[in-house]
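Residue numbers (our numbering): 1 to 162.
Yeah, the Cβ is synthetic: ideal placement off N, Cα and C, and Gly gets one too.
If you're wondering where the values come from, they're calculated on a predicted model, not measured in any experiment.
What follows is a single structure, written as structure tokens, with notes after it.
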């Protein structure tokens, strides 16, 4: 990749400082790294510090680009996850409706909807006429009659016996 004009200028400035500058007491960047610190009259930074600052700016730009890409990818993941969850929910509801059609011996979804609406209307009408509890006890006790060996016993006795 070709270097930008600013990069070439910084490199030229660093070379100029090293060639025509003078050795000074190490700055905060050069001292911990054991580098010689070259400075030149009229320049605010030493040669090494200028290179460091340029590299730091480049890394910060790359970091910002990577963060933006990550945010976009995260948004896409969230959108796909929402769609997947919605599809799972629709599939579950469809399966429940299918099971309900089989249980009620209905041929089509339209027939099931008509039956549901009729039951809802009947329940509302019964409540308006004063029925307090509109419960389909046949559905509540759909598991069948109690066997003779548990009739007359408490629930804890039945559980212990099972």
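Linking residue 49 to residue 25 through their CA atoms gives a straight-line distance of about 13 angstroms. The beta carbon of residue 76 sits closer than 6 angstroms to no other beta carbon from its chain once the five residues preceding and following it are set aside. Distance from the CA of residue 92 to the CA of residue 106, rounded to the nearest whole angstrom, comes to 19 angstroms. The residues 48, 49 and 52, in chain order, have a CB closer than 7 angstroms to that of residue 29 in the same chain once the five nearest residues on each side in sequence are set aside. In this structure residue 104 is in contact with residue 115, their Cβ atoms being roughly 6 angstroms apart against a cut-off of 8 angstroms.
Taking the C-beta atoms as reference points, residue 8 is found no nearer than 7 angstroms to residue 54. The same chain holds no residue with a CB closer than 8 angstroms to that of residue 129 once the five nearest residues on each side in sequence are set aside. Residue 61 has its alpha-carbon roughly 23 angstroms from the corresponding atom of residue 46.
Note on geometry: alpha-carbon atoms of residue 122 and residue 113 lie some 14 angstroms from one another.
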